Amino acid sequence: MNKLKYIFYIAVIALASCKLDNYEKPTGSLSGKFIDEETGELVQQEISLGTMVELREHGYNPVTPQNIIVQPDGTYKNTQLFQAKYSVVPTKGNFMPIDTQVVDVKSSTELDFKVTPFLRIKDINITKQNGKVVAKFKVEQVYTGAPILAIGLFANKFPMAGRYSALVFTETIYPPSSQEYTMELDIAGNSSILKAGQPYYFRIGAIIDVPEAKYNYTTAVRITL
């Protein structure tokens, strides 16, 4: 009798395995860019804790949202989605909130978001001068309903240098209103991390003082120290 039970259990497990093997794999893909609607440039992002694209598949109630992390260069992609209709909305962004869209995801669907950044960093000049990395720039405050919370100069061995991914950085909290800012990183003072003769990437960031806002960034500049 026990032998018959054992054979029965094995048959049930084998049948379940066959069903799993025959389970349809996702063949949908969704990708795109976050584009500054005024300048046409990609909206740079943080490497972590940055903007996400939230998706909710139609046909389920309740439905668990899926999130796609936006890359530092302002692009995103997920190639493991089921082909279906989704409600899609960016969340936790460094730009003015935008409306949810309904998207029919097929095998290769592209969806770009034209957005208005909270802040634009302009007239950027990052150079090595007299043993320092000096950044000069202006900040256009597009959203005027809150002050600028912080500005910073961030360094890393890789282009995604940012507030949460910097080897070293300097930052000013609630900077004064100014037409032009100047920030400096002392090379000798950070010699245990920044090595002479080595290339590093430097990126400027600024963040507005609103809930869940993220830093707005420039493209990183490569400088050999």
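In full-length UniProt numbering, the protein residues as written are 1 to 225. Every residue, glycine too, gets a C-beta built ideally from N, C-alpha and C. Quantities reported herein were computed from a predicted structural model and do not represent experimental measurements.
{"Query": "For ASN94, three-class secondary structure by DSSP", "Result": "coil"}
{"Query": "Validate contact between the segment 62-82 and the segment 30-37 using beta carbons, cut 8 Å, 3 pairs", "Result": "yes"}
{"Query": "Through-space distance from VAL53 to THR91, alpha-carbon basis", "Result": "6 Å"}
{"Query": "Buried versus exposed, by CB contacts within 10 Å (16 or more), VAL63", "Result": "exposed"}
{"Query": "Reduced DSSP secondary structure (H/G/I, E/B, other) of residue 226", "Result": "Shown here, the chain extends from 1 to 225; a query on residue 226 therefore has no answer."}
{"Query": "Buried or exposed (CB count within 10 angstroms, at least 16 for buried), ARG222", "Result": "exposed"}
{"Query": "Classification of ILE214 by the beta-carbon crowding that lies within 10 angstroms, buried from 16 upward", "Result": "With the sequence shown as reference, residue 214 is identified as Lys, and Ile is not the correct amino acid for it. It is buried - the Cβ of LYS214 has at least 16 other Cβ atoms within 10 Å."}
{"Query": "Own chain partners of GLU171 with C-beta closer than 6 Å, once the 5 adjacent residues on each side are dropped", "Result": "ALA150, GLY152"}
{"Query": "Cβ neighbour criterion (16 or more within 10 Å) applied to LEU4", "Result": "Since pLDDT at LEU4 reaches only 48, below the 50 mark, its modelled position is unreliable, and the value read off the structure follows with that caveat. With fewer than 16 Cβ atoms within 10 Å of its Cβ, LEU4 is classed as exposed."}
{"Query": "LEU20 (DSSP reduced to helix, strand or coil)", "Result": "For LEU20, the predicted model reports a pLDDT of 47, less than 50, meaning its position is unreliable and no value from the coordinates is stated."}
{"Query": "Identified DSSP bridge partners for LYS122", "Result": "LYS138"}
{"Query": "Local conformation of LEU4 per DSSP, three classes", "Result": "Because the pLDDT of LEU4 is 48, which lies under 50, any placement of that residue in the model is unreliable, and the number read from its coordinates should be weighed accordingly. Here LEU4 sits in helix by DSSP."}
{"Query": "ALA161, enclosing beta strand (DSSP E) - first and last residue", "Result": "Premise fails: ALA161 is in no beta strand (DSSP E) and is neither H nor E."}
{"Query": "Sequence ranges, beta strand (DSSP E) only - wholly within the UniProt domain \"DUF3823\" (30-116), length at least 3", "Result": "52-57, 66-69, 75-81, 85-91, 101-104, 113-115"}
{"Query": "Sequence-distant residues of the same chain with beta carbon closer than 7 Å to ILE193, five excluded per side", "Result": "LEU167, VAL168"}
{"Query": "Short Cβ contact (8 Å threshold) for residue 231 with LYS114", "Result": "In the structure as shown, the chain begins at 1 and stops at 225. Residue 231 is therefore absent and cannot be evaluated."}
{"Query": "Close beta carbons around PRO199, own chain, < 6 Å, minus the five adjacent residues each side", "Result": "ARG222, THR224"}
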